[in-house]
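Take 34 as the starting number for the sequence shown in the numbering used here and just add one per residue.
One structure below.
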Amino acid sequence: MAILSEAYAYDTFKDRVMSTLWFVEEILDFARENAESIRDLVREADASVVGMELATRATFERSPSEVEILMGEVAEERHPQTGEIILRRQEVSKPVLMHEFGTFSPTEVEVAPAFYYILPEAESAIERLRAHGVETGMAPVGEIQVEHFIVDSATIADRSFQGRNERVVFGAWQSITRALPPGTIAVSVDQPLGRLAFTLLEPRSDDGFANWAILDDQIDEGRYPVMRAH
C-alpha cells in the first residue's frame with residue numbers, strides 16, 4: 034500500500050511542512066482505526082491472480098451522484114526571486130457539488146498467465162522487475178508452448194512525461210511451441226507481487242515497461258521480448 038502526499042506548491046515553506054505533518058498524522062490515525070480492513074486489503078492484493086481477468090488499460094470513472102468538494106480561493110502575488118505571478122492560497126473553503134472522478138474503470142483486460150518469460154536481451158526490464166521486488170527464476174530447458182506478442186504498430190507521445198515519451202503498442206498474442214534461449218528469465222505470476230508483474234509485463238498495459246519506453250529497442254524491431262504461458 035502506498036499513499037501520495039503533495040503539498041500545495043505556492044504555500045509558504047512553513048505551511049507546506051505543517052500541512053504535510055497534519056496529513057501524515059491523519060493517515061496514521063485512519064490506519065490505526067481501520068487496521069483490520071487494511072490488512073484484509075493487503076492480503077487480497079497478495080493473493081494469486083493467475084487465471085483472473087485484470088485491467089491493462091483504464092479510464093476515469095465518474096461518481097454516480099455529485100459529491101461535496103471543498104474549493105479554495107487564491108490571490109495573485111509576485112514571486113520574490115523570479116518576479117513571476119504565483120497564486121497564493123487563501124484561508125477560504127467553499128463547498129461545491131460536482132461529480133468526482135476518483136476511481137478507474139477498465140477499458141481493456143487480459144487473463145493473467147501462470148508465467149512470463151523475459152528474453153535475456155531485455156536486461157533493463159529484468160533489472161527493474163527485480164528492483165520492484167518481483168521474484169524471478171530461470172526458464173525451463175527444451176521446447177514449451179508459449180504465447181508471443183506480435184507488434185504491428187506503435188504510437189509515441191509527442192511530449193515527454195517524467196523524462197519519457199510514453200508508447201502504446203498494438204498487435205496480437207500468438208501461440209507457438211519453441212525452446213527459449215539460454216538466460217531467459219521466468220516470472221511466476223503465482224506470487225505476492227504477481228499483480229505487479231502482470232501490470233509491468235503486459236505489452237498493452239498503460240503503466241508497463243512498454244508504455245514507459247523501457248523496451249523501445251526491441252519494439253522498434255517489431256519484437257516484444259516477453260512471452261507468457263497460461
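Ideal Cβ positions, reconstructed from N, Cα and C, are used throughout, including at glycine.
CB contact flag (residue i, residue j, <9 Å)
i	j	result
Pro146	Ala88	no
Ala68	Arg228	no
Met85	Val144	yes
Ala91	Val179	no
Pro153	Pro215	yes
Thr210	Glu176	yes
Residue environment, residue i, which counts as buried when at least 16 other CB atoms sit within 10 Å
i	result
Ala158	buried
Thr217	buried
Met260	buried
Glu235	buried
Ile151	buried
Pro258	buried
Leu238	In the sequence as presented, Leu is not what sits at residue 238; that position holds Ser. With 16 or more Cβ atoms within 10 Å of its Cβ, Ser238 is classed as buried.
Gln251	buried
Leu233	buried
Val167	buried
Phe148	buried
Val14	Nothing can be reported for residue 14: it is not among the residues displayed for the chain, which extend from 34 to 263.
8 Å contact criterion, which residue i and residue j should meet: CB distance rounded
i	j	result
Leu248	Ala155	6 Å
Phe194	Phe134	The pair is not a contact, with the Cβ atoms about 19 Å apart (cut-off 8 Å).
Ala219	Ala190	The pair is not a contact, with the Cβ atoms about 32 Å apart (cut-off 8 Å).
Val222	Ala212	Wrong, their Cβ atoms sit about 22 Å apart, outside the cutoff.
Arg95	His132	5 Å
Tyr43	Leu120	6 Å
Ile36	Ile71	In fact, because the Cβ distance is near 11 Å, the residues do not count as touching under 8 Å.
Leu74	Glu99	The Cβ separation is near 27 Å, so there is no contact.
heavy atom of the ligand ATP below 8 Å from residue i C-beta
i	result
Thr140	For the ligand ATP, the structure offers nothing, since it holds no ligand at all.
Exercise. Given 8 Å as the limit, is there contact between the region 202-213 and the region 176-194, that is, 3 or more CB pairs closer than that?
Worked result: Flag = yes, the region 202-213 and the region 176-194 touch.
For this session: Report the residue ranges of all alpha helix (DSSP H) runs contained in full by the region 55-107; include only those spanning at least 4 residues, in chain order.
Result: Runs found: 68-79.
Exercise. Along the chain, which unbroken stretches of the alpha helix (DSSP H) at least 4 residues long are found entirely within the region 125-151?
Worked result: Correct list: empty.
Exercise. Below 8 Å, can you find three or more Cβ-Cβ pairs linking the region 52-61 to the region 108-116?
Worked result: When C-beta atoms of the region 52-61 are compared with those of the region 108-116, fewer than three pairs fall below 8 Å, so the two segments do not count as touching.
Exercise. Looking at C-beta atoms only, is the number of pairs between the region 94-105 and the region 237-247 that lie closer than 8 Å three or more?
Worked result: Result no; under three Cβ-Cβ pairs closer than 8 Å.
For this session: Ignoring anything shorter than 4 residues or poking outside the region 198-235, list the alpha helix (DSSP H) runs there in chain order.
Result: For the region 198-235, whole alpha helix (DSSP H) runs of length 4 or above, ordered along the chain, are 227-234.
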